[in-house]
Amino acid sequence: MGISYRFALWTVVALLAIPAVAGAQRGGDRQDLAPLDATITLGRSPEPPDCAQPQDDVDIWWDITYSTTPSAVIYTLVDPDSAVIDSTYYPGDTGVTINRQWTVPLNPVIGKYWVRVEFWSMSSGHEATAEVSFYVCDGIGSICAQKVVDANCDGVAQAGEEYQGWWICIDTPWGDTFCDTTDATGVVCWDKLPLGLYTVYENISPPWVSIFPESRDALLDDNNPSWSGAFFNVNYDECFGACCKCDGQCVEVTPAECNQFLGAIFMGLGPHCDQVTCGEPSAVEKTTWGAIKDNYR
Ligand SMILES: [Ca+2]
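Just so we're aligned, residue 11 is where the sequence shown starts under the numbering used here, counting upward by one.
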């Protein structure tokens, strides 16, 4: 009696449980079919690496696309010390499209500020967050870099060898990287930079070979707020080739450099030393080569 009663009871519980589980699954299906989370498009001006100075207005705007019922939008502005210096709670859908400003105070904390926008909905709670940064400074400087390529393979930068469309990058004092391409005069500039220490560099990959340093430090301060420098490359495949010197050794140099080696044979553009076999030097050639080397020392 006891056993069959318990069996019957478990059966009832199990039968009751089936619709509950099924219902939960259907509910889960409805969740899966729900539209995607909200999307926040958030912008500000000036955009880094440009910076805003005291009394400048920073424009902040956002637009939120959503398919749920908004419960709130929360705006927060955080300074470089992580202090919240401005915030607004927009109830319901009052904050889904906003244009607002923040004016830099007279003695601001210098550095990188963060704008944070959160979207909350009735059904999903916290749906989306967007963040952007902007720079606040108390003085501006500039960095200009020029790109030159050695088109005539003479190892010297000449007028007309400026190069358009080359990527130059800067790392800012606050750890961000910005890159841009050179214009028709081979120049790229950033004009409204916060003062501080930057790294200015180019990214080189074969066949390009740098003649000037690939990376330079640029310190912008009150006395020297502007920095300029050049980056000079040569195209290895176009300007270098295997050169068999009279001592039987091979070096990869330019034709002009190869000509300095009396009796040397330039193997032309392209071939590398591992692709050519230089002849064995004769005793006379060895002697000659030794004399030439002495002359070049
Ligand atoms: Ca040149």
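Built from N, CA and C at the ideal position, the CB exists for glycine as well.
| Asked | Found |
| --- | --- |
| Please return the same chain residues whose Cβ sits closer than 8 angstroms to the Cβ of residue 149, not counting the five positions on each side in sequence. | 63, 204, 205, 232 and 235 |
| By alpha-carbon positions, which one of 180, 81 and 185 ends up nearest to residue 226? | 180 |
| Helix, strand or coil for residue 148, going by three-state DSSP, please let me know. | coil |
| Would you call the CB atoms of residue 173 and residue 158 closer than 8 angstroms? | yes |
| Along the alpha helix (DSSP H) that carries residue 269, what are the first and last residues, could you check? | 265–269 |
| Is there at least one non-hydrogen atom of ligand 1 closer than 7 angstroms to the beta-carbon of residue 263? | no |
| Judging by CA-CA distance, which residue of 256, 261, 59 and 83 is the nearest neighbour of residue 52? | 83 |
| Which runs of the beta strand (DSSP E), 3 residues or longer, sit entirely within the region 135–192? | 135–146, 150–159, 177–181 and 187–191 |
| Bridge partners for residue 262 per DSSP, in chain order? | 252 |
| Does ligand 1 have even one heavy atom less than 7 angstroms from the beta-carbon of residue 285? | no |
| Just to check, is the beta-carbon of residue 219 closer than 7 angstroms to a non-hydrogen atom of ligand 1? | no |
| CA-CA distance, residue 253 and residue 246? | 14 angstroms |
| Any heavy atom of ligand 3 closer than 7 angstroms to the CB of residue 168? | No copy of ligand 3 appears in this structure; the ligands present are ligand 1. |
| Alpha carbon to alpha carbon, how far is residue 212 from residue 71? Give it in angstroms, no decimals. | 33 angstroms |
| Applying the 10 Å Cβ sphere with the 16-neighbour rule, what's the burial state of residue 130? | buried |
| Three or more C-beta pairs under 8 angstroms: does that hold for the region 116–126 against the region 84–96? | yes |
| What I want to know is whether the C-beta of residue 212 ends up closer than 7 angstroms to one or more non-hydrogen atoms of ligand 1. | no |
| Over what stretch of residues does the beta strand (DSSP E) that includes residue 101 continue unbroken? | 94–101 |
| If I follow the unbroken beta strand (DSSP E) through residue 228, where does it start and stop? | 225–230 |
| When every heavy atom of ligand 1 is checked, does at least one fall within less than 7 angstroms of the C-beta of residue 161? | yes |
| Using a Cβ-Cβ cut-off of 6 angstroms (strictly less than) and excluding sequence neighbours within five positions of residue 78, which residues of its own chain qualify? | 131, 133 and 134 |
| Please return the same chain residues whose Cβ sits closer than 7 angstroms to the Cβ of residue 207, not counting the five positions on each side in sequence. | 183, 227 and 229 |
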